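One structure is given below, encoded as structure tokens.
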Amino acid sequence: MPRGNRLFVGQKVRDLRLQSRLDQGDMARLLGISVSYLSQLENNDRPLTARVKAALAATFPLDWSDFDARPEEQLLGAFNWALANPGHRSPAPDPQRTERLHVQYPEFAARYVELHHALRQTEGRLAMAEQALGNGLLPGARATFDQVSDRLRLFDNYFHDLDTAAEDLATQLSIGARSDAEGTLAALSAALRDEHDCTVSREPLKTTLLRAPSPDGRTLHVNDRLPAASIAFQLASHIVHLRELADPTMRAVIAQHPVGAPADALLHHALVNYGAAALLMPYGLFRETARTLRHDVDALAARFGVSIEQVAHRLATLQRPGQRGIPFFFCRIDPAGNITKRHSATRLDFGSYGPLCPRLRLHEAPTRPDYSGAERAEMPDGVHYILLARAIARPDRRHAIVLACERDYAAHLAWADGLDLADDTAVTPIGPGCRLCPREGCPQRAFPPIDRPIHVERDGRHVIPYSIG
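Residue numbers (numbering that gives the first Met the number 0): 0 to 468.
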């Protein structure tokens, strides 16, 4: 606990060591400190320093992320991230000096974070304007879909009140205790019948319609051609809609970031779907099960009776303060490389203003029904990521889902077991998209970066006909 400006965390460090089945010698070696120093930490004879805190966060990223949800700790994390901006082209800041600056001048740290956020937003707007002009659109003519995605991103794709309301309802309906889609379907159908006087009618609808209530609301027609997991999701969405679980969150989001119709209608649809996922995969149980199964998407889908895509999307929403999960990036891509859905709980930010980096192998996934592959990649800021791509083949469409997180979490990923994490030559250098990517000499570059000058040689000719200044 804090004593003045000092932090004593002996019990936390001891619990972490015992949970990891390490003796004091092993733990001390991992943290780069002496055994006596570790013993003093565990007995609260010495406070936690910035260097040891950084070592704990790097060595036990998943467990240590739960330690402290204090606003000052969140500001320190954001300050460190902003200082590591790749545009600075400088070494990573010393953690002890960073924390000292953060403690002594918190207003400066907060302002720096705000300015960094504004810089990223400005870069994004420039990229969007460039993209719009290239497509013959007015710079302000942003797609309604993008406006909704932007608002979801402002909340880190986590909505606490909606999530907890859905979790309480899951407990009431015993949803999380079931482990098959048909059992979940039965519980959801019973809830609709008993509490809403609504009967479920599964019919082989001949259109792309997924579900539709009858005019009197007494019957919910659901497309029986859908897999059982998808039907369960449709029933869960209808229950969230009928109970108006998403409405308070909807009003709060609109109050902070108004856009107007039809974006508001799409936003409500997105929040209802969020609530349905939270109902089928209640936060506490899902997070704990994910950790136990090492985030194996197939095992999680089987355990909760949901689809792999639903699991992947839910993993990217585990941002509850004090109970955070691994920060995942999630997206869905089609065979043409279009990103049809994306959410991110990590600093990884690619594909926001165009397709994913073409250097990634995962582009094969939507065209191969049996594709399942993991790969390593490095962003221009030097951070390494592990990405999983899975093909999702349906009779009427093909796409793939992508999950990514930082390499530090590899020990918690079942799908990273086959990767050689020690061989840095196997890492693919990627970028956030050609219009924002600072990498020079990339043979796959489609467009020059919007914020750098280019030079064209009159006589020489390379694969890309210009160099970046």
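We treat Cβ as the ideally placed atom computed from N, Cα and C, and that holds for glycine. These figures come from a predicted structure and were not determined experimentally.
ASP297 to ALA260, Cα distance in whole Å?
38 Å
Can you tell me where the beta strand (DSSP E) with ALA403 in it begins and where it stops?
397–405
Rounded to the nearest angstrom, what separates ILE429 and ALA189 at their Cα positions?
Using only the alpha carbons, I get a separation of about 49 Å.
Rounded to whole angstroms, what is the Cα-Cα separation between SER354 and ARG444?
Strictly speaking, residue 354 in this sequence is Pro, with Ser absent from that position. Computed Cα separation, rounded: 12 Å.
Would you grab the beta carbon distance between LEU172 and ALA186 for me? Rounded to a whole angstrom, and I think it's under 8 Å.
Contact holds; Cβ gap of about 5 Å.
Using the C-alpha atoms, what's the distance from GLN309 back to ALA300?
So the alpha carbons of these two residues sit roughly 8 Å apart.
Quick check on this structure: which residue in ASP93, GLU41, LEU21 has the alpha carbon closest to the alpha carbon of VAL53?
At residue 53 the sequence reads Ala, which differs from the Val that was named. For the residues ASP93, GLU41, LEU21, the minimum Cα distance to ALA53 belongs to ASP93.
Let me check understanding here. Comparing Cα to Cα, which of ARG242, GLU166, ALA276 lies closest to ARG228?
According to the sequence provided, residue 228 is Ala. The question's Arg does not apply to it. When each option's Cα is compared against that of ALA228, the closest is ALA276.
Taking ALA376 as part of the alpha helix (DSSP H), name the residues at either end of that continuous run.
Where ALA376 is concerned, there is no enclosing alpha helix (DSSP H), although the beta strand (DSSP E) it sits in stretches over 371–377.
From GLU494 to ALA403, what distance separates their C-alpha atoms?
For the chain, the structure presents residues 0 to 468; residue 494 sits outside this window and is missing.
Closer than 6 Å by C-beta to GLY139: which residues in its own chain qualify, once you throw out the five before and the five after it? Chain order, please.
Its pLDDT being 46, under 50, GLY139 is placed unreliably in this model, and the value from its coordinates should be taken loosely. Residues of the same chain with their beta carbon placed closer than 6 Å to that of GLY139 are lacking, with the five preceding and five following residues left out of the count.
When you compare only the Cα positions, how much space is there between CYS441 and ALA269?
37 Å
Classify PRO326: buried if its beta carbon has 16 or more other beta carbons within 10 angstroms, exposed otherwise.
buried
For CYS197, which residues of its own chain have a beta-carbon under 8 Å away from its beta-carbon, when the five flanking residues on both sides are left out?
LEU191, PRO212, GLY216, ARG217, THR218, LEU219, HIS237, LEU241
Using only CA atoms, which one of ASP458, LEU359, CYS436, GLU456 lies nearest to GLU449?
In the sequence as displayed, the identity of residue 449 is Ile instead of Glu. Looking from the CA of ILE449, the closest CA among ASP458, LEU359, CYS436, GLU456 belongs to CYS436.
With H, G and I counted as helix, E and B as strand and the rest as coil, what does DSSP make of TYR384?
strand
Can you name, in chain order, every residue of its own chain whose Cβ lies under 7 Å from the Cβ of ALA289, other than the five neighbours on each side?
LEU299, LEU314, GLY324
In this structure, how does DSSP classify ASN156 when only helix, strand and coil are distinguished?
coil
Rounded to whole angstroms, what is the Cα-Cα separation between LEU412 and ILE385?
Their backbone Cα atoms lie some 9 Å apart in a straight line.
Between the region 367–381 and the region 417–432, can you find at least three pairs of beta-carbon atoms closer than 8 Å?
yes
What are the partner residues of LYS11, as DSSP defines its beta bridges?
In DSSP, LYS11 forms no bridge with anything.
Within a Cβ cutoff of 6 Å, which residues of the same chain sit near VAL8, ignoring the five residues on either side of it in sequence?
LEU47
Return helix, strand or coil for PHE327, following the three-state DSSP convention.
coil
Name the DSSP bridge partner or partners of LEU234?
According to DSSP, LEU234 bridges with nothing at all.
Classify ARG99 as helix, strand or coil using the three-state DSSP reduction.
helix
Can you tell me whether DSSP reads HIS454 as helix, strand or coil?
Strand at HIS454.
Tell me which same chain residues have a C-beta within less than 6 Å of the C-beta of ALA180, skipping the five on either side of it?
ALA227, ALA228, ALA231, GLY304
Is the CB-CB distance between GLN146 and ALA262 below 8 Å?
yes
For ARG451, count the other beta carbons within 10 Å of its own beta carbon; 16 or more makes it buried, fewer makes it exposed. Which is it?
exposed
How big is the Cα-Cα spacing for THR316 and PHE329?
Spanning the two alpha carbons is a distance of roughly 10 Å.
Here's a check: name, in chain order, each residue in its chain whose Cβ is nearer than 7 Å to the Cβ of THR58, leaving out the five neighbours to either side.
LEU29, LEU30
Are the Cβ atoms of LEU266 and ARG367 separated by less than 8 Å?
When the beta-carbon positions are compared, LEU266 and ARG367 stay at least 8 Å from each other.
Based on Cα-Cα distance, which residue from PHE446, PRO447, ILE467, ILE463 lies nearest to HIS454?
ILE467
Starting from the Cα of ARG406, find the closest Cα among LEU61, ARG319, ARG358 and give me that residue.
LEU61
Count the other CB atoms within 10 Å of the CB of GLU202; is the residue buried (16 or more) or exposed (fewer)?
exposed
Measure from the alpha carbon of ARG360 to the alpha carbon of each residue in ALA344, ALA390, HIS342, ARG341, then state which is nearest.
Minimum Cα distance to ARG360 is reached at ALA390.
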